[in-house]
Each structure stands twice: as structure tokens, then as C-alpha cells.
Amino acid sequence: MKSLLLAGTVIVATTVVGLAEGLYWVVGNRATNTCDIVTSNPIVDGNIWFADGPYNSVDDAKLARSTISQCPRDQPPADNPK
Numbered sequence: 021m022k023s024l025l026l027a028g029t030v031i032v033a034t035t036v037v038g039l040a041e042g043l044y045w046v047v048g049n050r051a052t053n054t055c056d057i058v059t060s061n062p063i064v065d066g067n068i069w070f071a072d073g074p075y076n077s078v079d080d081a082k083l084a085r086s087t088i089s090q091c092p093r094d095q096p097p098a099d100n101p102k
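At the far end of the sequence shown sits residue 102, using the working numbering, and the numbering has no gaps.
Printed below as a string of C-alpha cells:
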């Protein structure tokens, strides 16, 4: 029974990691006073003061960034997510 439970846990963990690929987050960077679009799930501490997402595409993340009041309006284009 323990081996079945362990196998199920490994399968679920692998599936979750696989689903996280191709996702985007909008993060507020306190050091640069910008909102960046990143491709990994951010840890909110230090220079990152907020994170929003995940989004399925860069276009969705750009749209979300444009609606977040903490993000400066003159953001550079996010053609290359970090």
C-alpha cells in the first residue's frame, strides 16, 4: 500500500511540474520600480513586492500588467520574458 501511495505522489508531482511549463507571472520589482513578466513562479521577498499569475501566454500577462495599478504606465515591451 505504501508503494502505491508513493507512486501516486510521484505521478502527481510530475504532472504539476509539467503543467507549470509555459506559464507567465507578473511581478513588481522594487529595485527597478517596474513590473516584469517572468517564466518561473516567483518567491515574494526582498525586491519582489507582489506577484500575479500564472497566465497561459505572454499576451495574457501583458494585458494583466496593464491593469495592475502598481505598475508604471510607461513599461517597456515584454517581448522576452525573464
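Here a beta-carbon is modelled for each residue, glycine too, at the ideal position from N, C-alpha and C.
- If you check the CB distance, Ala-51 and Asn-67 come in under 7 Å.
- In the three-state DSSP reduction, Asp-56 falls in the strand class (E or B).
- Out of Asp-65, Val-64, Gly-73, the CA that lies nearest to the CA of Ile-57 is found in Gly-73.
- Taking Ser-89 as reference, the option from Asn-53, Asp-65, Asp-79 with the minimal CA-CA separation is Asn-53.
- In this model, Val-64 and Ala-71 are separated by some 7 Å (Cα to Cα).
- When the five nearest sequence neighbours on each side are left out, the beta carbons in the same chain lying within less than 8 Å of the beta carbon of Tyr-44 are those of Ile-57, Val-58, Thr-59, Gly-73, Pro-74, Tyr-75, Asn-76, Ser-77, Val-78, Asp-80, Ala-81, Pro-101, in order along the chain.
- Selection Gly-42, Ala-84, Gly-48, Cys-55 evaluated against Trp-69 yields Gly-48 as nearest (Cα-Cα).
- Of the other Cβ atoms in all chains shown, fewer than 16 fall within 10 Å of the Cβ of Arg-93; this residue is therefore exposed.
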